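Since the structure comes first, as structure tokens, the remarks are kept for the end.
Number of protein chains: 2
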Amino acid sequence: MAPWNGLSAAELDLLSTLFWSAGGSRHGMAERLGFSRSRANTLIAGLIEQGLLAEAGPRASTGGRRPEQLQLPAELGVLLAVDIGATSLDVAVMQPDLTVLARHAEAVDVREGPGVVLARVRQRLRELLQALGIPARRVLGIGMGVPGPVNFEAGQLVNPPLMPGWDSFSIRDYLREDYAAPVFVDNDVNLMALGELWRLQRGLSNFLVIKVGTGIGCGIVCHGEVYRGAAGSAGDVGHICVDQQGPRCHCGNVGCVEAMAAGPAIVRMAQAAAERGESPALAAVLRTQGRIEAIDVGHASRAGDVAANAIIQRAGSLIGQMLASVVNFFNPSHVFIGGGITQIGPLFLAAVRQSVYQRSLALSTRHLEIQYTPLGTDAGVTGAGVLAMHETLRARGVAP
Amino acid sequence: MAPWNGLSAAELDLLSTLFWSAGGSRHGMAERLGFSRSRANTLIAGLIEQGLLAEAGPRASTGGRRPEQLQLPAELGVLLAVDIGATSLDVAVMQPDLTVLARHAEAVDVREGPGVVLARVRQRLRELLQALGIPARRVLGIGMGVPGPVNFEAGQLVNPPLMPGWDSFSIRDYLREDYAAPVFVDNDVNLMALGELWRLQRGLSNFLVIKVGTGIGCGIVCHGEVYRGAAGSAGDVGHICVDQQGPRCHCGNVGCVEAMAAGPAIVRMAQAAAERGESPALAAVLRTQGRIEAIDVGHASRAGDVAANAIIQRAGSLIGQMLASVVNFFNPSHVFIGGGITQIGPLFLAAVRQSVYQRSLALSTRHLEIQYTPLGTDAGVTGAGVLAMHETLRARGVAP
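The following block contains the structure:
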């Protein structure tokens, strides 16, 4: 049972605001919430008494005033954050303010199905908690990202193209065997967007996070909140057509950007270049390793390999072409690019930018910033922690 | 000066809720606002006393209870609604509940510039008010839609491609000479979206309105509110590329959907078909009128002309292709299509649907509805009325 059961809406607002601002002063909280100083102080005193809020030492002087900083106490309990990618698993135990207490990452293949993968998740979470000496009952909430479309209310994947065995599997029921805490499941790139939104302390209202890895997906922040769409499939940009004469995609259509520019397409282009003798660097990789990975194309590019540069240029340009449509439609202030592709280097980003600025309208791109995700590979697991904390607080708010 | 100056946030909320629900009962208002019955009744009594709210006769019995209906009193004043299209002008005088008191429509050419067009607007508004015997001081607010990207805060067009003379012209200052009431300016298709949102009493949270006329634009409703984007250019879908080998557009790029499928493109295809002898019907139009308009293609299609059908099919298919990208990204529950294209008949809509369902992901289209705008040609002017009322109330709320 969450410790904030039975709190008033104002108290929950205060805790939520503190969480989203990564701590804050008494004065700052009152201001943000539109409360009077005295009302804020009364609420804060009550929450401190209940152990739901703690004072931190005085902040460095800011012009004479020394406001008392507030924080979410570590004693409240812990959050479990799980980020399942198509080929990777990231789990972490976090404090309520998202300080990471323990973390583990390993390779997985989601196509092995929910039975195998979730058993691994369960095992890793148990091990991490055990090492920390934290019992399961101290878990406040669990957030999980998965690489497919999610019915957010049900906590289930819906027709996931990359992981057919997971369709309608109840992740929530599976984890309920170990934990009484609520389980929230979302698409992995929505969680990256949520993670960046938290890092920004909600300072940007309308931005996108594009994940380029095995597939291509997009997290959307609109009016200051993650937008999931009418059926939870918003941001499914991997199957936007960028070439009417392009190759057939597994979805049945032709010229999908995912089929032409995601990780596997980059690998295919690299293998073809190696086999055709166009790239000494990639041919050497193929000889010694027996296969090429996307990151090898990045290495070859950085070493000046012309064919590798052309492949990265082509992938970036195609993704930029898809993004140009999305930017014309959505007019975001920022586009953050994350996922495995970020390891490939700055040339990719330059190609994306060139393509977007060329194809989008001037007004849409006048102040548009395109960059790699500031949280980098932490975006997903951070977002899972945000989901756990935000939704647990919200669930209490809705049904006190 | 608006009559609701100095009201409390709760009173303004109540009036706004009543406006968006097109009237309502005391009980319904209390419920929607989360107020107790007694708090709502106190607020309502105060507002009635100030003449800001009125009781309407009892509603037909709904199971024994006969709640007193509330409405915004006509005595409050009037709203002026102006919808400027690329080739049309629609003006209306409305009551606060959007009942139309007088209306006028005529052809204009926005390329004549703001001096000419706005003088016409001013003249028409004066005439309508005069005929109704309503003095200018009784105008509560003015809402205006224009066919280009708008800086909403400034009430100015920004680099409008179809109307270069309007760039940064202050529409607000121009109308201020006649009226003390606030003037709000928005993109025409945003207003169509706002109009439909009001008609639906905010019953849908995430939908799109596509206007196909001289250009192609899109109004976006996200999280229950019109979304304008970081720079006000959201929904600029006319320049999404649908053919990398397509013709050059006036924007500088190739294959923009607007250049290939909007009104002028349909006319071009029709003229070519007539000249090549492929369409007896269109050739006859060209002979007798000297030119062909988009609506003639619709007539010819309905009469069974094969070439006209092919043109409509092609335009619908290209617009559907653009929409498929947008639907994959945004996952709306509904897409409403409006503008001049709606006169062309059902074949166009069928072609759009076929193209979207073929190109979008199954999850995005499972519950997607694509139809013509329910408000039809009234969507723009209704939206201008909604803008006037909603923003006037909101402005009071923000700065009491």
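These protein sequence lines are chains A and B, in that order.
Each position in the first sequence, counted from 1, maps to that position plus 3 in the numbering used here.
Each position in the second sequence, counted from 1, maps to that position plus 3 in the numbering used here.
Where is the CB? At the ideal position from N, CA and C, for every residue including glycine.
Being a predicted model, the structure only gives us computed values, none of them experimental.
Item	Value
Assign F332 (chain B) to one of three DSSP states: helix, strand, or coil.	helix
In its own chain, which residues sit with a C-beta less than 6 Å from the C-beta of V384 (chain A), not counting the 5 before and 5 after it?	A84, D86, D93, A95
At the level of alpha carbons, what is the spacing between P150 (chain B) and L364 (chain A)?	16 Å
Output, in sequence order along the chain, the residues in the stretch 21–39 of chain A whose CB is closer than 7 Å to any CB in chain B.	none
By Cβ distance, which residues of its chain are closer than 8 Å to G27 (chain B), with the 5 residues on each side in sequence left out?	T20, L21, R35, Q72, L73
On the DSSP letters alone, give me the boundaries of the alpha helix (DSSP H) that Y177 (chain A) sits inside.	174–179
For L18 (chain B) and L396 (chain B), which I take to be in contact (beta-carbon distance under 8 Å), what is that distance rounded to the nearest angstrom?	6 Å
List the whole-angstrom C-beta distance separating S336 (chain A) from Q204 (chain A), where the pair is believed to meet the contact cut-off of C-beta under 8 Å.	Incorrect: roughly 15 Å between the Cβ atoms, too far for contact.
Determine, for S336 (chain B), whether the minimum Cβ-Cβ distance to residues of chain A falls below 8 Å.	yes
Going by the CB atoms, is the gap between I347 (chain B) and I298 (chain B) shorter than 8 Å?	yes
Under 7 Å, CB to CB, which of the residues in the stretch 352–377 of chain A have a partner in chain B?	R362, L364, A365, L366, S367, R369, H370
Buried or exposed, going by whether 16 or more other CB atoms sit within 10 Å of the CB of R69 (chain A)?	Legend: pLDDT at R69 (chain A) = 42, less than 50; position of this residue unreliable, value from coordinates given subsequently. Exposed is the call here.
Is S304 (chain A) closer than 8 Å to A311 (chain A) when the C-beta atoms are compared?	yes
Under DSSP, the alpha helix (DSSP H) around I47 (chain A) begins and ends at which residues?	40–52
Apart from the five residues just before and just after E394 (chain A), which ones in its own chain have a Cβ nearer than 6 Å to its Cβ?	F187
Using a beta-carbon distance below 8 Å, is F333 (chain B) in contact with chain A?	yes
Considering only residues of the same chain and omitting the five flanking positions on each side of A110 (chain B), which have a CB-CB separation below 8 Å?	T90, S91, L92
On the DSSP letters alone, give me the boundaries of the alpha helix (DSSP H) that I298 (chain B) sits inside.	297–305
Which word fits S11 (chain A), buried or exposed, when buried means at least 16 other C-beta atoms lie within 10 angstroms of its C-beta?	exposed
Our contact map puts D246 (chain A) next to Q247 (chain B) with C-beta atoms below 8 Å; I'd like the distance itself, whole angstroms only.	6 Å
For C252 (chain A), would you say it is in contact with chain B, using Cβ-to-Cβ distances shorter than 8 Å as the test?	no
Which residue wins for smallest C-alpha separation from R271 (chain A), given the options A:P377, A:R294, A:F172?	A:R294
State yes or no: is the beta carbon of D239 (chain A) nearer than 8 Å to at least one beta carbon in chain B?	yes
In whole angstroms, what is the alpha-carbon distance linking V389 (chain B) and G206 (chain A)?	29 Å
How many Å lie between I213 (chain A) and A353 (chain A) at the Cα?	15 Å
For H302 (chain B) and chain A, any beta-carbon pair shorter than 8 Å?	no
How would you call H242 (chain A), buried or exposed, if buried means at least 16 neighbouring beta carbons within 10 angstroms?	buried
Any C-beta of chain A within less than 7 Å: which residues of the stretch 137–166 of chain B qualify?	P152, V161, N162
Quick one: what does DSSP say A89 (chain B) is sitting in, helix, strand or coil?	coil
In the DSSP assignment, find the unbroken alpha helix (DSSP H) run with D189 (chain A) in it and report its ends.	Taken as a continuous stretch (DSSP letters only), D189 (chain A) belongs to no alpha helix (DSSP H), being part of the beta strand (DSSP E) at 186–190.
Taking N209 (chain B) as the query, report the chain A residues whose CB atoms sit under 7 Å from its CB, ordered along the chain.	G232, A233
Which whole-angstrom value is the C-beta distance of V377 (chain B) and R202 (chain B), which I expect to be below 8 Å?	According to the sequence provided, residue 377 (chain B) is Pro. The question's Val does not apply to it. With a Cβ gap of about 6 Å, P377 (chain B) and R202 (chain B) count as contacting.
If contacts are defined as beta-carbon pairs under 8 Å, then L75 (chain A) and L104 (chain A) qualify, I think. What distance do you get, rounded to the angstrom?	With 8 Å as the limit, L75 (chain A) and L104 (chain A) do not qualify as a contact, their Cβ atoms being about 14 Å apart.
Out of B:F332, B:A183, B:N190, point me to the one whose CA is closest to F155 (chain B)'s CA.	B:N190
Use the C-beta contact count for A183 (chain A): other C-beta atoms within 10 angstroms, 16 or more gives buried, fewer gives exposed.	exposed
Who are the neighbours of V329 (chain A) on chain B, taking C-beta pairs under 7 Å?	F332
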